[in-house]
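To keep things clear, I will list the structure first and then write my remarks on it.
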Amino acid sequence: MLSYIVRRLLWLPFLLAIMIFITFWLGFYGPGSPEVVLLGQRYDPETAAVIKEQWGLNEPFALQYVKYVRNYVTLNFGESLTKYQGQPVARLLARRLPVTMELNAAAIALGVPLGIILGAIAATYHGRWQDRSIIFFTVLFRAVPSLVAGPVLLFVFAKQLKILPVGGWDGLFSASAILPVSILASGVVAGFARQTRANMLDVLSADYVRTARSKGLSEQMVMSRHVLQNALIPLVTILGLVLGSIVEGTLITETIFGIPGMGQLAFEAIGARDYPIIIAVTVLAAFIFALANLWADLFYGIIDPRIRQS
Amino acid sequence: MAVKAIPHAKIKKPRTMWGDVVLRFSQNLPAMMGLIVVIGLYAVALLAPILVTTNYTAIDLDNVRSAPSLVHYLGTDELGRDVYSRVVWAARSAAFVSIFVPALSLSLGLFFGIIAGYVGGWVDTIVMRLGDILFAFPGLLFVFFIAATIKPAILLWVKGIGLTEFAKQGFVDYIVVFTALSLVGWPGLARLVRGQFLTLRNREFVLAAEAIGVSQWRIALKHILPNAMTPVIVVVSGGIGGTIAAETSLSFLGIGLQPPNPSWGQMISDYYIYWRNTELWPLLFIPSIILVVIILAFTFVGDGLHEALNPYLD
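Shown next, in the form of structure tokens:
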């Protein structure tokens, strides 16, 4: 167990280092030098030379990279180039991150239990209408991009029925949160319902379930003690995957609904070619994602001894 | 004793694996409906120049925000662009994305998966760690990041080798979208192929081939690969709908297919703000409905293939 934990823990800093390297390399040299982006239309060689000198862009790649990593470790993500010119990216993130966290937490808190319940119902009524309708909805939830769902729901509930606000953000416990949270949660529901159903069907045909039934346990007992417990363990790992899809969903949902979170910041930054923000958001999201996956792996290792050995 | 010859007609035609797959697929109603829609998509994409006589980028200033008419079947938008011709030409982009991105990811995935699974050792470790790193980025975030950063670089490079005309025609957008989506698409496939190779290489038919002296690469490509393809086909076909949706997100962020390229994602991003417009709101629904129908169709085809290839599934 200990070696498993150590191996997983050592992978994290290594991963982070590589992620920072890729983002630095692509983000700094992909789009052309920062001074070109910063000056945009007003580009002239003299000003560019001054900026290059000030920002240390004439130094060798390795030295710039070391400085960059040092800045990132001390949570100094640089300054916004275009959109919020001159403002430290760290401060922008600190303001935006809590909103995104609230939104994602709400989507998970709502979506995970609902998904598990629906998946369990579908597996219990395997092949019957309950199963079919739940499958239909999970397929539909997966097929409708948030870019389609957002405006359509706004059209129906805000414009036609006038029962929900047209967007904006008055905190998580307000009417403005209903649509965005539902859209993000629908993806979680679809993912979890599908996986729970598949796992339960798998477990239902296992020998130990037949044993439990043949020794005369009540159906309720078989379901709660033997089937559900074993079917829910692997769900720990798909939480990571689902988290990944909400991160990208947040970007679009926040933009459509005008929610001042990290997704909207990223959208603005991509539009304005504000690379320090784009890089910082990518690294931060990847870091949170890596932490969540690490947590899932460790937790999985603790509750399921079969995992530790592999 | 003379052996009686069996009349030819009485011998049943031998059933093949693929024959069975086709049979099972054709009995699956949603899958067949999906297939029809998909074939329709490719037909429209192919016939776009015949179906549309007006240029989809042309601006008809006399008919701005016009309702559907005989001139503009689906009306025009705020700039006077014909919505019908935009929709039809965008089918081309969707068709391109649905062919090239899976093909590229599949080639990369097969290449790295076969190498990792068959050569093993440090090659395996490097390929799999590379995949892990790409998996460490949540969802499509890395696609967004790559597309946002490499686009200016590719644009410069294309202009640098003297293809300025190409750059103007939006050729670069296709390269960026295909590259970005394929780069994050291959590691999953490589993992799958590798896993298949690891289990299949110890099977008796591989040992038998080795015993009679078949070369390593022939074993890998002729004996193992065909047996490893079933789950790969399922994953690739199941992912196409998601790929088309991903292009939409990229267009929304302004790093996907941009004008003059036509794309439904771009239309949705252009028109989504019309949800509160009393006059133009139908424009929001046209590309949205088409997109969802196409994604659903690919999903049904993928699921149908999955069930047809794995008959003992549930």
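Residue numbers (our numbering), protein chains in the order written: chain A, 1 to 310; chain B, 1001 to 1314.
A virtual CB, placed ideally from N, CA and C, is assigned to each residue, including glycine.
Here residue 1162 of chain B is exposed, its C-beta having fewer than 16 other C-beta atoms within 10 Å. Your pair residue 1089 of chain B and residue 1048 of chain B checks out as a contact, with CB atoms roughly 5 Å apart and the cut at 8 Å.
8 Å or more divides the Cβ of residue 1076 of chain B from the Cβ of residue 1055 of chain B.
Contacts between residue 1248 of chain B and chain A, judged by CB atoms closer than 7 Å, involve 145 and 147 in chain order. One thing to note: residue 155 of chain A has its Cβ within 8 Å of the Cβ of residue 1275 of chain B. Boundaries of the alpha helix (DSSP H) harbouring residue 240 of chain A: 235–257, taken from the DSSP string.
A straight line joining the alpha-carbon of residue 1124 of chain B with that of residue 151 of chain A spans about 46 Å. In the displayed model, residue 1194 of chain B falls within a helix according to three-state DSSP. The beta carbon of residue 1293 of chain B sits closer than 8 Å to those of 1037, all from its chain and outside the five residues before and after it, given in chain order. Within 8 Å of the CB of residue 248 of chain A, the CB atoms of chain B belong to 1138, 1139, 1140, 1141, 1144 and 1249, in sequence order along the chain.
Proximity of residue 10 of chain A to chain B, defined by a Cβ-Cβ separation below 8 Å, is not satisfied. In this structure, residue 1291 of chain B places its C-beta atom within 8 Å of the C-beta atom of residue 1248 of chain B.
With respect to the C-alpha of residue 290 of chain A, the residue from B/1097, B/1103, B/1085 and B/1139 having the closest C-alpha is B/1139. Leaving aside the five residues that flank residue 76 of chain A on each side, the residues in its chain whose CB is nearer than 7 Å to its CB run, in chain order, 90. When the beta-carbon positions are compared, residue 1268 of chain B and residue 1144 of chain B stay at least 8 Å from each other.
Pairing residue 102 of chain A with residue 172 of chain A gives a Cβ-Cβ distance under 8 Å. Residue 1078 of chain B and residue 1091 of chain B have their C-alpha atoms some 22 Å from each other. By the C-beta criterion, the segment 180–195 of chain A is judged to be in contact with the segment 102–119 of chain A, since at least 3 inter-stretch pairs fall below 8 Å. Residue state for residue 1078 of chain B is assigned as coil, using DSSP reduced to three classes.
In the same chain as residue 142 of chain A, and ignoring 5 residues on each side of it, the C-beta atoms closer than 7 Å to its own belong to 190, in chain order. A Cβ-Cβ distance of about 20 Å is found for the pair residue 1098 of chain B and residue 1286 of chain B, leaving them out of contact under the 8 Å criterion. Going by C-alpha positions, residue 177 of chain A is about 8 Å away from residue 170 of chain A. Counting only runs of 4 or more residues that sit fully inside the segment 133–216 of chain A, the alpha helix (DSSP H) segments are 146–153, 178–204 and 207–214, in chain order. Taking a contact as a CB-CB distance under 8 Å, the pair residue 1177 of chain B and residue 1250 of chain B counts as one, their CB atoms being some 6 Å apart.
Residue pairing by DSSP places residue 1059 of chain B opposite B/1081 in a beta bridge. Taking a Cβ-Cβ threshold of 7 Å, none of the residues of chain B is close to residue 164 of chain A; the smallest such distance is about 12 Å. Looking at the DSSP output, residue 1152 of chain B shares a beta bridge with no other residue.
At least one C-beta of chain A is nearer than 8 Å to the C-beta of residue 1276 of chain B. Within the same chain, Cβ atoms closer than 8 Å to the Cβ of residue 36 of chain A are found at 43 and 48, the five residues on either side in sequence being excluded. Ranked by how close their Cα comes to the Cα of residue 1242 of chain B, the residues A/122, A/64 and A/144 have A/144 in first place. Annotation for residue 1220 of chain B: no alpha helix (DSSP H) segment contains it, and DSSP assigns it neither H nor E. From the listed residues B/1051, B/1296, B/1222 and B/1131, the smallest Cα separation to residue 1205 of chain B is found for B/1222. Under DSSP, no beta-bridge partner is assigned to residue 1187 of chain B.
With a threshold of 8 Å between beta carbons, residue 1292 of chain B makes contact with chain A. Of the residues B/1225, B/1141, B/1216 and B/1032, the one whose Cα lies closest to the Cα of residue 278 of chain A is B/1141. Minimum Cα-Cα distance from residue 1217 of chain B among the listed residues B/1122, B/1118 and B/1188 corresponds to B/1118.
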